[in-house]
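Below you'll find the structure, written out as structure tokens, and then a few comments.
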Amino acid sequence: MDHPTAFFLRGINVGANNRVPMAELRALLAEKLGAQQVKTYLQSGNVVAVPPGDPDDFAKTMSQVIDMEFGVHSPVVHRTREDLSAVLAADPLRDIATDEKLYQVHFCDRPVPELNLAALPIHEDERIVVNGSEIYIWYGSNKGIHASKLPAALGKQLPGMTITARNIRTVRKVAELLEAAESSGSPS
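Using the working numbering, read the sequence shown as starting at 1 and increasing by one per residue.
So, in structure tokens, the structure goes:
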């Protein structure tokens, strides 16, 4: 039996750039790619679906189809319900992250190699923890996410790696959607 999987699209619907309408995306994934139980959360590219086969292959195909249909290059990273449960259970910064909008999990397409933390522009009230294929970042209360230089610096230290971030509230909501989809049972 196939299982619901979360697919995180990178860099869509950011401001006026890289527009991908969620209703059209859901229809495309169901009708052209054969996904079932397709749901989206917010406009930032959070998709929960039962893929028709291997989630890795589906993520790659989804990225290619989004490029062809919408003219938007958006790599896709995926996680299972078990993966997201582990991400939330491991949450290493829960005790210091006082504003969920400023606390993100960066999902990577493979395990993160050792980072040179000393070379990263970490502001005094920012924290970063790497755990497997996730990077947890608390952006602190004084600077915020948009002023931080961490995301660009991470990209330079991890060339060729697909990384997409979601705030912890979104991660929890997507985990709930996966749980609900799993509980409702996959179609046969």
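Glycine included, every Cβ here is placed at the ideal spot set by N, Cα and C.
Range covered by the beta strand (DSSP E) that runs through residue i
{"i": "residue 9", "result": "5 to 9"}
{"i": "residue 40", "result": "36 to 41"}
DSSP three-state assignment for residue i, whether helix, strand or coil
{"i": "residue 137", "result": "strand"}
{"i": "residue 27", "result": "helix"}
{"i": "residue 169", "result": "helix"}
{"i": "residue 77", "result": "strand"}
{"i": "residue 20", "result": "coil"}
{"i": "residue 188", "result": "The pLDDT assigned to residue 188 is 39, lower than 50, so where the model puts this residue is not dependable; a value taken from the coordinates is nonetheless given after this. Coil."}
Distance between residue j and residue i (C-alpha atoms, nearest Å)
{"i": "residue 2", "j": "residue 125", "result": "43 angstroms"}
{"i": "residue 90", "j": "residue 66", "result": "32 angstroms"}
{"i": "residue 137", "j": "residue 175", "result": "19 angstroms"}
{"i": "residue 139", "j": "residue 101", "result": "9 angstroms"}
{"i": "residue 35", "j": "residue 154", "result": "33 angstroms"}
{"i": "residue 56", "j": "residue 76", "result": "9 angstroms"}
{"i": "residue 20", "j": "residue 142", "result": "32 angstroms"}
{"i": "residue 30", "j": "residue 98", "result": "38 angstroms"}
{"i": "residue 144", "j": "residue 18", "result": "23 angstroms"}
{"i": "residue 43", "j": "residue 9", "result": "10 angstroms"}
{"i": "residue 93", "j": "residue 167", "result": "13 angstroms"}
{"i": "residue 128", "j": "residue 118", "result": "12 angstroms"}
Per DSSP, the bridge partner or partners of residue i
{"i": "residue 163", "result": "108"}
{"i": "residue 87", "result": "In the DSSP output, where bridge partners are listed per residue, residue 87 has none listed."}
Residue range of the alpha helix (DSSP H) that includes residue i
{"i": "residue 50", "result": "Unbroken run through residue 50 is the beta strand (DSSP E), 46 to 50; no alpha helix (DSSP H)."}
{"i": "residue 152", "result": "150 to 157"}
{"i": "residue 190", "result": "This structure leaves residue 190 out entirely; the chain is present only between 1 and 188."}
In chain order, which continuous runs of the beta strand (DSSP E) of length 3 or greater are located wholly inside the stretch 91 to 131?
Listed in chain order, the beta strand (DSSP E) elements of length 3 or more contained wholly in the stretch 91 to 131 are 103 to 108, 127 to 131.
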